[in-house]
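Enquirer: Before I ask anything, here is the structure I am working with.
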Amino acid sequence: MPKSKKTRLSNSITKQENKLKKKEKIDQKSISKQPTTKSDFKLNNKLQIKEQTNELISLDTEDKIIVKDFLIIAGSYERILYGIDAHWIKSGESSDDDDFSLKLDPIFVFSAHTGCIKTVSVGGKFLASGSTDEVIKLYNLRKRKELGSLLQHEGSITTIQFFNKTHMFSGSEDGTICIWRTKDWECLKTLKGHKGRVNSLAVHPSGKIALSVSNDKTVRLWNLLAGQKASVNKLGREGEIILWNSSGEQYAILMAREIEIYSTSDAQILQRFQSGNSRFLCMQYYEHEHLGDLLIVGSEDKAIRVYEVKSGNCLITLLGHKNRIKDLSIIQSIPPNNSAPFTLLSSISSDGVINVWNLNKVLPHNYKEGNNPIFNLPLATYDTKSRLTCVVLSQKFDAQDLEERASQQDFA
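The sequence shown: position 382 = 382 (full-length UniProt numbering), numbered continuously.
Set out below in structure tokens:
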């Protein structure tokens with residue numbers, strides 16, 4: 001990618017205004033108080049409590065087994081950033097996976113911005129949040145500390161996406177898209193062309209091209225190798241979200257009451273979903289082992305629907321929120337006893353609730369005409385009591401993280 005001027009990376013650290021709502025009890029060596037001062041975002045090294053993949057931790061005081069799994073990060077209208085630890089707990093001596101229950105506990109809760117948080121994204125060890133205060137905040141999840149702020153944009157940050165842990169893309173109300181190198185947070189290129197707010201962007205799995213949609217009612221294709229616009233297509237309506245599927249052979253554009261699926265090869269419409277009386281608000285692609293590409297859609301009517309892209313059929317409906325669905329995120333869960341991995345979906349709503357669903361249990365292997373089961377019991381729930389706006393799921397640690405944590409166990 002072409003180089004550009006280096007953008008200032010501010011090292012000012014925001015005060016954490018909210019104390020952690022709960023303390024997590026693991027074992028006597030790992031009990032520590034959650035820090036709430038501005039210099040302690042990293043949450044104290046003593047709290048780095050054996051969060052290794054598939055490691056079983058036995059409590060001394062209770063007959064329980066805890067398996068650490070993933071992290072839920074959510075932003076809110078109230079400017080608060082939530083970090084929710086997801087872990088499996090089992091009581092008794094049974095080895096059955098069904099005896100494990102998923103628990104959600106906060107590990108950090110603090111005011112991250114001076115405006116509403118619009119977007120959050122994770123790339124490896126990095127967490128980025130964007131806000132109406134026109135600032136991108138950066139954090140190191142591995143070390144639990146704030147890195148600084150990116151100040152390139154001159155409008156609200158509307159979308160952030162990482163690619164391959166090496167680059168980050170950000171879009172703004174100023175109509176520009178910035179390409180950042182995560183090695184040193186240099187802004188390599190600013191893509192200009194949209195005549196209005198950038199609502200969403202999506203980088204192709206190859207990393208060679210990207211798509212963006214805007215309130216200027218166009219979709220733009222960007223050549224990332226050359227760092228310039230490749231083409232512009234008029235939609236006639238405002239595209240709010242754009243996504244590639246996992247193979248990059250198709251992409252979806254959400255436009256309020258309609259979602260259109262396009263072929264990458266010829267830009268022809270492959271499928272169309274219509275919402276009727278309720279607006280579509282968020283969506284995620286999911287590649288199912290038997291059903292192929294699925295589109296998971298959250299709506300203003302408080303429902304989450306899972307559609308089969310090829311046929312257009314609605315397979316299931318998830319009901320578990322009292323207000324509109326604001327965002328969705330998917331992750332491959334680490335099974336408690338090393339069995340086959342399964343897929344979890346996290347949904348957030350304006351009601352402040354975070355729900356987690358096990359897609360492997362609720363999705364059928366094939367579609368039956370007239371069959372659209374409704375599920376209303378999520379796997380786990382956490383109430384933030386805030387108006388949530390965005391969510392992302394992150395695996396706790398990769399292999400390199402585990403080695404680093406092993407070398408830091410005695411750090412006081």
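Glycine included, C-beta positions come from ideal geometry on N, C-alpha and C. Being a predicted model, the structure only gives us computed values, none of them experimental.
1) Using only alpha-carbon positions, find the residue among PRO341, LEU104, VAL135 and LEU281 that is nearest to LEU151.
2) Sort GLU78, ASP383, ALA256 and ARG144 by Cα distance to GLY298 and report the nearest one.
3) Out of curiosity, what's the CA-to-CA distance linking SER214 and ASP99?
4) Just the C-alpha distance for residue 496 and TRP185, rounded to the nearest angstrom, thanks.
5) Are the Cβ atoms of ILE316 and LEU243 separated by less than 8 Å?
6) Could you give the distance in angstroms between the alpha-carbon of SER131 and the alpha-carbon of SER101?
7) Which residue from LYS137, ASN360, SER346 and GLU260 puts its Cα closest to that of GLU289?
8) Between ILE84 and LEU127, is the Cβ-Cβ spacing less than 8 Å?
9) Who are the near neighbours of ALA202 in its chain, counting only those whose CB is closer than 6 Å to its CB and skipping five residues on each side?
10) Could you tell me which residues DSSP pairs with HIS167 in its beta bridges?
11) Relative to the alpha-carbon of GLY248, which residue among ASP266, SER346, LEU141 and ARG237 has its alpha-carbon at the smallest distance?
12) Buried or exposed: which applies to CYS232, given that a residue is buried once 16 or more other Cβ atoms fall within 10 Å of its Cβ?
13) For GLY123, collect the residues of the same chain with a Cβ closer than 7 Å to its Cβ; drop the 5 residues on either side in sequence, then sort them by chain order.
14) Span of the alpha helix (DSSP H) holding ASN360?
15) Kindly indicate which residue of LEU141, ARG144, GLN271 and ALA86 has the alpha-carbon position closest to the one of THR381.
16) Taking the beta strand (DSSP E) that LEU147 falls in, what are its first and last residues?
17) Residue range of the beta strand (DSSP E) that PRO335 falls in?
18) Taking the beta strand (DSSP E) that ARG257 falls in, what are its first and last residues?
19) Using beta-carbon positions only, say whether GLY193 and LYS234 come within less than 8 Å of one another.
20) Is ASP351 helix, strand or coil when you go by DSSP?
21) Express the C-alpha separation of LYS64 and ASN199 in angstroms, rounding to a whole number.
22) Whole beta strand (DSSP E) runs in the region 69-123 with 3 or more residues, listed along the chain?
23) What's the call for GLY239, buried or exposed, on a 16-neighbour Cβ count within 10 Å?
24) So, at 8 Å on beta carbons, what are the nonlocal neighbours of SER350 in its own chain, with the 5 sequence-adjacent residues on each side left out?
25) Within 10 angstroms of its Cβ, does residue 480 collect 16 or more other Cβ (buried), or is it exposed?
26) Assuming LEU188 is part of the beta strand (DSSP E), what are its boundary residues?
Expert: In short, the structure shows the following:
1) VAL135
2) ALA256
3) 47 Å
4) Any answer about residue 496 is impossible in this case: the structure gives the chain only from 1 up to 412.
5) no
6) 34 Å
7) ASN360
8) Result no, Cβ atoms of ILE84 and LEU127 do not sit closer than 8 Å.
9) LEU211, ILE242, LEU243 and TRP244
10) Beta-bridge pairing by DSSP links HIS167 to PHE163 and ARG181.
11) When only C-alpha atoms are compared, the closest one is ASP266.
12) In the sequence as presented, Cys is not what sits at residue 232; that position holds Val. Exposed, because fewer than 16 other Cβ atoms sit within 10 Å of the Cβ of VAL232.
13) PHE162, LYS165, MET168 and THR182
14) 359-362
15) Cα-wise, what sits closest to THR381 is ALA86.
16) 145-150
17) Counting along the chain, PRO335 falls outside any beta strand (DSSP E), and DSSP gives it neither H nor E.
18) Neither: ARG257 is in no beta strand (DSSP E) and is coded neither H nor E.
19) no
20) coil
21) 46 Å
22) If we require 3 residues or more, the beta strand (DSSP E) runs fully inside the region 69-123 come out as 80-91, 100-111 and 117-123.
23) buried
24) ASN323, ARG324, LYS326, ARG387 and LEU388
25) No answer is possible for residue 480: the residues shown for the chain start at 1 and end at 412.
26) 186-192
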